[in-house]
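If you're matching positions, the sequence shown starts at 18 in the working numbering and goes up one per residue. In what follows, a structure is listed as structure tokens, so that the remarks can point back to it.
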Amino acid sequence: MSESDDLFIDPSATVNQLINIIENRYQWSIDTDFQDKNNTYLFWYVSEEKLEPRLGERYNEQGAELEQHLGIGKMVSELYHFLKENSAETKNLTIAKFLLIHPEYRGIIRRIQTLTNYPFGEVSDNILAKNILPLNMLRFKLSFFGASRYDPKSDRWLRVSFFAGAPFYEELNSQNVEDWGFATMNSYQ
């Protein structure tokens, strides 16, 4: 969790190199049929009231115009299919030259290139799909912040305890400094 979250673009890389990265790292995205409405069923937005990420149902609710760009799989798939359909013109271009012609792909190319060397840097699932369980992603994310004792209240929100069983600062010592994050059953009594 101490890595820089700066995104970068390698302008000297070629489009062909980018295609290879996508085929090696995002095959799940290429294989997803985003023409199927079940694969674009949800949209993510930020609530005005609490400024929290929320889910909407694209085909049943209003608000899709507020969608956050979190459907990484769909964006990667769109880029990949565009590159393959236009490979005669684009495959030998550098990323810099390609983006001069198609700046709309800047964000997703930057993300792909930045996360290339981080196999767990991306959620490898279609988070727009009707059958996605955002609860699993939430549990994973919250675990980095010391959350435990998950108490799901629905498939979209849960109650957690933070730092259950954690020692107070003055109780930390060289014997327990690394292990307290893995609370024992005694922590829950």
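For glycine and all other residues, C-beta sits at the position ideal for the given N, C-alpha and C.
Using the DSSP secondary-structure output, state which residues sit across from residue i in a beta bridge.
i: VAL63; result: PRO70
i: THR31; result: THR111
i: TYR179; result: Reading off the sequence shown, one finds Phe at residue 179, where the question assumed Tyr. According to DSSP, which records beta bridges pairwise, PHE179 is partnered with ALA164.
Pull up the distance between the alpha-carbon of residue i and that of residue j, whole angstroms please.
i: GLY163; j: GLU106; result: 49 Å
i: PHE115; j: PRO184; result: 54 Å
i: ASP50; j: ASN56; result: 7 Å
i: PRO136; j: TYR43; result: 11 Å
i: ILE112; j: ALA181; result: 48 Å
i: SER178; j: PRO169; result: 12 Å
i: ALA81; j: TRP61; result: 8 Å
i: LEU155; j: TRP45; result: 21 Å
i: LEU119; j: GLN79; result: One detail in the question is off: residue 119 reads as His in this sequence, not Leu. Computed Cα separation, rounded: 30 Å.
i: ASN33; j: ASN103; result: 11 Å
i: SER171; j: ASP53; result: 26 Å
i: GLY88; j: ASN190; result: 44 Å
i: GLU84; j: PHE157; result: 23 Å
Measure the beta-carbon distance from residue i to residue j and round it to whole angstroms, keeping in mind my assumption that it falls under 8 Å.
i: ALA129; j: ILE38; result: Residue 129 is actually Ile in this sequence, not Ala. Indeed they touch by this definition, with Cβ atoms about 6 Å apart.
i: ILE126; j: ILE26; result: 6 Å
Can you tell me where the beta strand (DSSP E) holding residue i begins and where it ends?
i: SER165; result: 164-169
Would you mind reading off the limits of the alpha helix (DSSP H) that contains residue i?
i: THR131; result: 123-132
i: TYR97; result: 89-102
i: ILE47; result: 44-47
Any heavy atom of the ligand GTP closer than 7 Å to the CB of residue i?
i: LYS158; result: By its list of ligands, the structure shown contains no ligand whatsoever, and the ligand GTP lies outside what it can speak to.
* Would the region 71-78 and the region 86-106 be scored as touching if the rule is three or more Cβ pairs under 8 Å? -> no
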